[in-house]
Amino acid sequence: MHTFAVWLKATHISWLITHYAWVWATAQVIHFFGMSLLFGCIALLDLRILGIGISSPVSAVNGLVPWGICGFIINLLTGAIFVIGQPLQYVDNPGFWLKMLFIFLAGGNIAIFYLTGVADRVEVLQAGDEAPLVAKVIASASLFLWVGVMFFGRMLPYFGSAF
Amino acid sequence: MNAEMSFKRSTRRDHFDVDREIDKVIHRNLMNQSPPPGIYSTILGKVRIETTRPPADPARSLSCASALVAAAVLIVVAIVLAASRAPLAATHTPFFNWLSWIHSTSLSTWINESESFLAYPTILFLHTLGLAVLVGFSVSADIRLLGVAPRIPLASVSRLFPFMWLGFWINAISGTLLFIADPIRKSMNPLFEIKLALVGLGLTCMVLIQRQLYLFDTAPGVEKRARSRSKVLAISSLAIWASAIAAGRLLAYLKSS
Amino acid sequence: MPTNPQVQASREKEDDELVERAVHGDLSAFDDLMRRHGPAVFRAARALLISSTDAEDVMQEAFLIAYRKLAYFRGESTFKTWLLKITSRCALRYRGNIARRLHRLASSDIASDLPSTEKSAESALLSGELSDALWRMIRTLPERLRDPLLLTASGQYTYEELSDILDLPTGTIKWRVSEARRILRDKLQRLGYPTRPDLQ
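Protein chains in written order, with my numbering: chain H, 1264 to 1426; chain S, 4 to 260; chain G, 8 to 207.
Below, the structure is given as structure tokens:
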């Protein structure tokens, strides 16, 4: 892993990213915006499943999910910019790997949601209907995991030493 | 086909009269009554109460009032900070003294120097969390107003606002603590007051949107005109929050440079 | 009850227009909807609850819920079926609530009937009041059999509509109805009432 990071650092893209100061800053801004988009849409769905706040039919709230995915992709791309630009800062940083772990777990959580058919059971819920317990567990896990991703993202400087 | 008729057709003839008796009995006992005539007006009365008890006008609610106050405070502070930087060399202005005093308080020192995880890192995290909640839900509401996921009823969008206010207050408190930790450098940074002003504008936008949604609920005739207004507000809100995020991030970068 | 498909289709269209107006706040449109479907709602509630005072309560609640949820009604079924679904859910909720109260009331005429059904039914037979005996027997049927029986016998729904309303497959409903009738026939037979014309 470490040698890969060293190799990355030596690439031209990496140099480009770190050479122009505005690249990093802009990527940061877009990364935060993508995070807001992702969290806003996904948390909304989770809250609906948990029965907090909004109570419209789930199929209606589902319309926001593609935008949440958009936010995730935006962050994937900007995240890649960071890692390519300063790979050594991240590769040795336990905080970074924890963040990746949480993202992976969150993805797994989503996979479970869809693959075990819970998503279908939840899709048919009408206004005010209560979701099955399984769905609520998955929704709480989703909230917890994404907050965790944000947490470790914020804590990166404190875990690593190269910042 | 009618259930009763199809059932009769499939019954054996020798049970015919018992089933007929059963049906007669049921008809006599259940179908003999119509609903009492007064019931419709009773229901209508209850429906009227439901519709005329409007969702509390957000313009009068505590959250809106406090949000507007907060917005005003932010904008005023931004102006003050911008104005006070003019005499840059004057490091002994009363304002500067006041900032130094803040920096010297034990709270400030604790935040800065404490090794405890609960100090600076947590406050920073809470600030990010509040941002995610505030801007995240605000973005969801805005894109809904712009036509995404149109099957979400507008009433549901109104229910997002308490979360947004929660996010804002988390950030107001964590932001204040962050300021206390480093008042002088923050106030010397023009981006800081720009950020505050933008947040103030963002809050105002939120209040206007909330009011707009309330008008949708109670006066459907207003809808056509209000639609375009709400779209303008939604776009402005998105732009303002994006700029506020930009100002906040750049603040972190220019500070360390 | 119009079973003529053309009449039905035009009624459904009128319902849809009224719903559209009611959603936008036109209370007189909602009043029209109530008067058109009130009797059906009332009959369905009575079929499930028997008592007409209970049925009135449920009818009010059902229409209120329908008004609140009107904006979410997207025409996946006819308005009438949607309304009756709400009614049946209300009635079942209501029944679930009062069942506990009734148990405490122990002196309810249903409960006191049970040990002496046979006797009172017999005496009713002797006095010729067959319908009273039968009605009491119907009321003591288990609810899962009694509900489909009473609803089908009111003669206003197709099996498909009922299946939609009660959320049960049509086969189940048909089976329960015939089962209910079989039980009633057996009870009558045991009391000596000839169920076959040739034995009379």
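Ideal placement from N, C-alpha and C gives every residue a C-beta, glycine not left out.
Check	Outcome
Those runs of the alpha helix (DSSP H) which lie wholly inside the stretch 136-193 of chain S and span at least 4 residues	157-161, 164-184, 186-191
Neighbour list for S/A245 in chain H, Cβ cutoff strictly below 7 Å	F1296
Classification of G/W89 by the beta-carbon crowding that lies within 10 angstroms, buried from 16 upward	buried
Neighbour flag for S/P38 against chain G, beta carbons, 7 Å	yes
Member of H/G1370, H/I1315, H/L1351, H/I1401 whose CA lies at the smallest distance from the CA of H/V1269	H/L1351
For H/T1274, the three-state DSSP class (helix, strand or coil)	coil
Neighbour flag for G/R18 against chain S, beta carbons, 7 Å	no
Same chain only: Cβ atoms within 6 Å of S/A184, ignoring 5 sequence neighbours per side	S111, I114, N115
Where H/M1432 falls, given that 16 or more other Cβ within 10 Å makes a residue buried	Nothing about residue 1432 of chain H can be reported from this structure: the residues present for chain H run from 1264 to 1426 only.
Chain-ordered residues of the stretch 51-71 of chain G with a beta carbon less than 7 Å from chain S	R53, A54, S59, E63, M66, Q67, F70, L71
Inter-residue Cα distance where the pair is G/A140 and G/L195	9 Å
Where S/V210 falls, given that 16 or more other Cβ within 10 Å makes a residue buried	buried
Own chain, CB closer than 6 Å to S/D145, minus 5 neighbours either side, in chain order	A237, S240, L241
is_contact[S/L157, chain H] using C-beta, thresh 7 Å	no
Chain S contacts made by the stretch 71-83 of chain G, where a contact means CB separation under 9 Å	L71, Y74, R75, A78, Y79, R81
G/S115 classed as buried or exposed, judged by whether at least 16 other C-beta atoms fall within 10 angstroms	With a pLDDT of 46 at G/S115, under the threshold of 50, the modelled position of this residue cannot be trusted; read the value that follows with caution. Exposed, since its Cβ has fewer than 16 Cβ neighbours within 10 Å.
Best match in H/R1417, H/G1416, H/V1400, H/F1414 for proximity to H/I1312 [C-alpha to C-alpha]	H/V1400
According to DSSP, residues forming a beta bridge with S/T96	Answer is none; S/T96 lacks a bridge partner.
Pick from S/Y256, S/L199, S/D22, S/I187 that is closest to S/S107, judged by C-alpha positions	S/I187
Listed by chain order, chain S residues near H/G1348 by CB distance under 8 Å	Here the premise fails: no neighbours, minimum Cβ distance about 14 Å.
G/T85 (DSSP reduced to helix, strand or coil)	coil
G/I117 at chain S interface by Cβ criterion, 7 Å	Only weak support is given to the placement of G/I117: the predicted model assigns it a pLDDT of 45, under 50, and the question is left unresolved by the model.
S/F164 burial status per 10 Å Cβ neighbour count (16 or more: buried)	buried
Assumed close pair S/R147, S/V160 - CB separation to whole angstroms, cut-off 8 Å	6 Å
Nearest neighbour of S/C208, chosen from S/A175, S/W244, S/L194, S/I248 [CA to CA]	S/W244
Cβ pair count under 8 Å reaching 3, the stretch 1365-1374 of chain H against the stretch 1392-1408 of chain H	yes
Member of S/P156, S/V50, S/V72, S/S177 whose CA lies at the smallest distance from the CA of G/K32	Per the sequence shown, residue 32 of chain G should be read as Gly rather than Lys. When each option's Cα is compared against that of G/G32, the closest is S/V50.
The stretch 183-190 of chain G in contact with the stretch 152-160 of chain G per 3-pair CB rule at 8 Å	yes
G/L141 at chain S interface by Cβ criterion, 7 Å	yes
Reference G/S138, options S/R23, S/L254, S/G251, closest by Cα	S/R23
Span of the alpha helix (DSSP H) around H/F1415	1396-1422
Local Cβ density within 10 Å of H/F1267, reported as buried at 16 or more and exposed below that	exposed
Contact the stretch 1319-1328 of chain H vs the stretch 168-178 of chain S: 3+ CB pairs below 8 Å	no
Simplified DSSP state of G/T165, which is helix, strand or coil	strand
G/S123 - DSSP class collapsed to helix/strand/coil	Residue placement at G/S123 is flagged as unreliable, the pLDDT there being 42, under the threshold of 50; the coordinate-derived value follows with that caveat. If DSSP states are grouped into helix, strand and coil, G/S123 belongs with the helices.
Same chain only: Cβ atoms within 7 Å of G/A118, ignoring 5 sequence neighbours per side	In this prediction, G/A118 has a pLDDT of 39, which is less than 50 and means its spatial position is unreliable; nothing more can be read from the coordinates.
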